[in-house]
Each structure stands twice: as C-alpha cells, then as structure tokens.
Amino acid sequence: MDLHLVPRLVRTLPDVEISDTGELIRRRARAWVWPALQMGIAAAVSWWAVNQVAGSAASYAPITAIAALGLGRERRLRRSVLLVSGLVLGMIAAEVATGVIGVGWWQIGVCMAVAAIVTGALVGRDLAVTYAAINAVVLLATPGSSGWLPNRLIAGLVGVGTALIVLLLVAPARPAHLVRHRLGRAADRAAAALEATAESLEHGLDVDRSGDERATLARARRLDDEIEQSHETVAQAVELVRWSPWRRSDAAEVERLRCVAQELRPAHRTVSTIARLTDRAGLLQISPPEPIRHGICHAGATMETLTRDLLDGSTPAGDDLESASDAVEQLMAAEVDHAILIALKEEVRGLLADLDGIVETVFDDPPATPAGLRADSVGDIVYGNHTRP
C-alpha cells in the first residue's frame with residue numbers, strides 16, 4: 016500500500032480554507048447571517064404559498080426557492096430563468112419516464128441522463144442542465160414528490176417566485192456592502208500573493224514540492240478565483256440596485272465601487288502573473304535581483320493601503336502612499352539577462368505604474384462616470400440609460 020497516497024489525494028482537493036481562528040469564525044458567521052435569513056424566509060413562505068395554491072408537492076417549493084436564491088457567486092436574476100428551464104424539462108423527462116419505463120434504480124439513471132442531454136441541447140447552460148437532472152431524480156425517487164405534472168410545476172414556479180420576492184423586496188442584500196466585502200477579500204488575496212512571492216525570492220522556492228504545495232502558485236490560484244467572484248458580485252450589486260426598490264438609494268455608491276473594481280482588476284491580474292513568474296523562476300533556480308523583490312514589497316504595501324482607502328472613500332495620506340517612482344527607477348536600473356526575469360521585471364514595473372495611476376485617476380482626478388456615459392445622473396449608468404424616478 017502506498018503510504019503517500021492519502022497526502023497526494025488531499026493535495027488534489029479544491030482549495031478550501033478552513034476556519035481555524037475565533038475571529039475568522041465570527042467574521043464568516045456574520046457574513047452568512049443575511050443569506051441564511053433570506054434562505055429561511057424563502058423556504059417558509061414558499062412552503063405556505065404552494066399549499067394554498069397547489070395543495071401538493073409542498074416539499075418541492077422550498078428546494079426550488081433555495082436553488083433560485085443562488086447563495087454562490089451567481090446570485091443573479093438570469094439564474095431564475097435557467098432554473099425554470101431546468102425545472103420544466105426535468106419534470107417532463109420524469110413524467111415521460113414514469114409512464115414508459117416505470118420507476119427503479121436503472122430507470123432513475125436513464126431519466127437523469129436523458130434530461131441532461133435534452134436540456135443541454137435546448138438550453139446549453141450548466142446550471143439548467145444540472146437542475147434538470149436533479150429535478151428528474153427528485154421527482155422519481157423522493158417520496159411524496161409524485162403527482163399531477165401541473166401541481167409539481169406550480170410548486171417549482173412558486174419557489175422561484177418566492178425567491179425573487181425575498182431577494183428583491185422582503186430582505187434584499189446591501190449591494191454596496193457585498194462589493195466592499197468581495198473587493199476587500201480580493202485585496203487580501205493579492206497582498207498575500209505578493210507576500211508569498213517576496214518570501215520565495217528571499218528564502219528560495221522548495222522545488223521538491225508539487226505545484227499544489229508551493230505557496231506562490233497556491234496564492235495565485237486563490238487570487239484568480241477571487242477576481243472572477245468579484246466580477247460576479249459587482250454585476251449582482253448592479254442588478255439589486257436596478258430591480259430592488261429598497262436599494263435604489265445605493266446607486267451612487269455602487270457605481271463608485273464598480274469603478275473601483277474596474278481600476279483594481281488589472282492590478283490584481285498582474286499580481287497573479289508575478290506570482291506565477293516567480294514560481295517559474297524558482298523552479299529553474301534563477302535568482303532575481305534585489306530591486307525586483309523591493310518593488311514587489313513596495314507594491315504589496317501600497318496595494319493594501321490603497322484598497323482600504325478606495326473602499327472607504329477616504330483620501331490616502333501622503334506618508335502612507337509614497338510615490339512608486341523610486342522603486343521603479345531602481346527596478347529599471349537592475350540588469351537581467353534571462354527571459355523570465357525580463358518578464359518579471361516588466362510585470363513588477365507595470366504593477367507599480369498601475370497603482371500609481373490609480374492614485375492619480377481616482378483621488379487626484381476622479382472620473383464622474385465611465386467613458387462614453389453621461390455624468391448628469393448615476394441612475395443613467397446603473398439603469399441602462401433610463402433615469403429612475
């Protein structure tokens with residue numbers, strides 16, 4: 016038996032950060048209070064509503080409501096359309112299978128596969144395909160889920176409708192808070208990636224470790240995931256402001272944070288590239304000159320302070336945000352002769368220039384709106400050039 020099999024399997028698991036401190040547990044618990052409240056309200060109301068309307072298949076409505084809320088990165092209105100598509104197609108597949116091949120262990124597998132293929136061909140989206148397959152299995156295998164097709168369809172539609180009402184009217188999330196929280200996490204990941212990169216340059220890279228264990232590469236992967244999630248969160252916040260009457264007052268702040276996210280995103284991607292180039296240089300046992308490490312450290316401290324000020328809307332203090340010109344001059348004076356070091360040098364220089372440019376753009380000459388949009392109303396931006404009342 017291979018004694019190293021279990022450690023290798025653990026390393027191949029997706030990156031999951033376990034809460035290991037009391038402060039982290041409390042912070043995560045606070046972050047999940049509002050989504051849990053939304054989920055509880057939607058489940059309770061959908062159960063009650065479907066009993067009033069359909070009188071059967073009540074257990075199915077809360078399942079659909081929770082899925083429609085979408086507590087992950089895609090909590091957006093288009094999710095409901097995909098869920099309804101999967102709901103209808105999965106129900107039809109289950110209904111046909113019940114009458115043609117009956118119910119059994121192999122029939123469940125056949126029904127799920129057919130529902131997935133049909134939904135994939137007609138809709139072509141992962142969420143719709145997954146939900147169609149789930150619906151087909153639930154309706155065939157869950158006790159009490161059988162019944163007349165319209166009743167089950169009504170239960171599912173009630174669940175989706177209840178989720179939208181809770182999401183937009185009853186307990187809408189705070190869109191500005193969502194964006195600040197996500198951008199703060201992205202900034203923390205970027206700073207951690209730069210810190211791991213600087214440590215690798217100072218102490219050397221453990222070339223005997225696999226890619227999943229090397230700190231620089233692991234930090235870069237976490238940052239990439241956070242960048243994508245921040246994009247989805249900003250889009251979600253814009254939709255909340257657009258469709259929720261109780262959150263329209265947040266339009267100006269959401270637009271400001273959207274511009275902040277747009278400014279920071281290229282810098283975050285550059286940090287990921289720097290971490291990967293550093294990892295590659297370590298594998299090849301190439302030592303970058305000291306100015307490169309100095310530039311990375313300077314960029315990490317600047318990014319952390321700059322992001323905090325951007326999210327708070329406060330002007331950075333001159334002592335906290337010194338000009339990056341000295342670091343850039345030292346960096347450009349460093350002589351490198353390897354392709355990876357040349358690329359790393361240019362990426363660090365570009366990151367420092369980006370951060371310096373953000374300070375000048377946002378604080379010294381803040382843009383009223385993105386290019387090409389009118390500046391007379393934030394509502395014109397957020398509401399698709401239709402001024403909200």
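Numbered as in our numbering, the sequence shown ends at 404 without a single skipped number. We put the beta carbon where it would ideally sit given N, CA and C, even for glycine.
Roughly how far, in whole angstroms, is the beta-carbon of residue i from the beta-carbon of residue j, given that I think they are within contact range, below 8 Å?
{"i": "Val125", "j": "Ala112", "result": "7 Å"}
{"i": "Gln345", "j": "Pro281", "result": "That pair is no contact at about 23 Å."}
{"i": "Ile78", "j": "Ala57", "result": "Between Ala57 and Ile78 the Cβ distance is about 11 Å, and since that is not below 8 Å, they are no contact."}
{"i": "Val138", "j": "Ala108", "result": "About 13 Å separates the two Cβ atoms, so there is no contact after all."}
{"i": "Met127", "j": "Arg167", "result": "In fact, because the Cβ distance is near 17 Å, the residues do not count as touching under 8 Å."}
{"i": "Ile357", "j": "Ala296", "result": "With a Cβ gap of about 11 Å, Ile357 and Ala296 do not count as contacting."}
{"i": "Arg101", "j": "Asn150", "result": "First, the residue type needs correcting, since residue 101 is Gly and not Arg in the sequence shown. Indeed they touch by this definition, with Cβ atoms about 6 Å apart."}
{"i": "Leu98", "j": "Tyr146", "result": "5 Å"}
Looking only at C-alpha atoms, which of the options sits nearest to residue i?
{"i": "Leu184", "options": "Ile123, Glu210, Asp203 and Arg263", "result": "Arg263"}
{"i": "Leu298", "options": "Arg229, Ala143 and Gly117", "result": "Arg229"}
{"i": "Ala188", "options": "Gln67, Val269, Ala208 and Thr330", "result": "Val269"}
{"i": "Ala207", "options": "Val286, Arg94 and Ala250", "result": "Val286"}
{"i": "Leu216", "options": "Ile123, Ser302 and Trp62", "result": "Ser302"}
{"i": "Ala250", "options": "Leu232, Leu272 and Ala235", "result": "Leu272"}
{"i": "Trp258", "options": "Ala296, Pro190 and Gly372", "result": "Pro190"}
{"i": "Val96", "options": "Val144, Val115, Ala296 and Ala131", "result": "Val144"}
{"i": "Leu182", "options": "Leu137, Glu210, Arg200 and Glu254", "result": "Glu254"}
{"i": "Ala233", "options": "Val153, Glu110 and Glu210", "result": "Glu210"}
{"i": "His309", "options": "Ala46, Lys360, Glu247 and Gln244", "result": "Lys360"}
{"i": "Arg93", "options": "Gly117, Val65, Glu247 and Ala186", "result": "Glu247"}
{"i": "Asp203", "options": "Leu321, Val60 and Ala76", "result": "Leu321"}
{"i": "Ala276", "options": "Ile123, Ser245, Gln122 and Asp352", "result": "Ser245"}
{"i": "Cys274", "options": "Thr288, Ala252, Pro260 and Trp261", "result": "Ala252"}
{"i": "Glu214", "options": "Trp261, Cys312 and Ala151", "result": "Cys312"}
{"i": "Pro304", "options": "Pro260, Ala266 and Asp352", "result": "Asp352"}
{"i": "Val153", "options": "Trp261, Ala76 and Ala59", "result": "Ala76"}
{"i": "Leu370", "options": "Ala205, Ala59, Asp141 and Ala44", "result": "Ala205"}
Flag residue i as yes if its beta-carbon sits less than 8 Å from any beta-carbon of chain B, otherwise no.
{"i": "Ser264", "result": "This model lacks chain B altogether, as it is built from one protein chain only."}
How do the stretch 277–292 and the stretch 349–367 stand: do at least 3 beta-carbon pairs fall below 8 Å, yes or no?
yes
contact_flag[the stretch 314–333, the stretch 190–204] where n(CB pairs < 8 Å) is 3 or more
yes
Cβ contact (3+ pairs, closer than 8 Å) linking the stretch 176–183 and the stretch 43–58
yes
Decide yes or no for the touch test of the stretch 164–173 against the stretch 228–244: beta carbon pairs closer than 8 Å, at least 3 of them.
no
The stretch 292–300 in contact with the stretch 313–324 per 3-pair CB rule at 8 Å:
no
Enumerated in chain order, which unbroken segments of the alpha helix (DSSP H) with a length of 4 residues or greater are wholly contained in the stretch 128–157?
141–156
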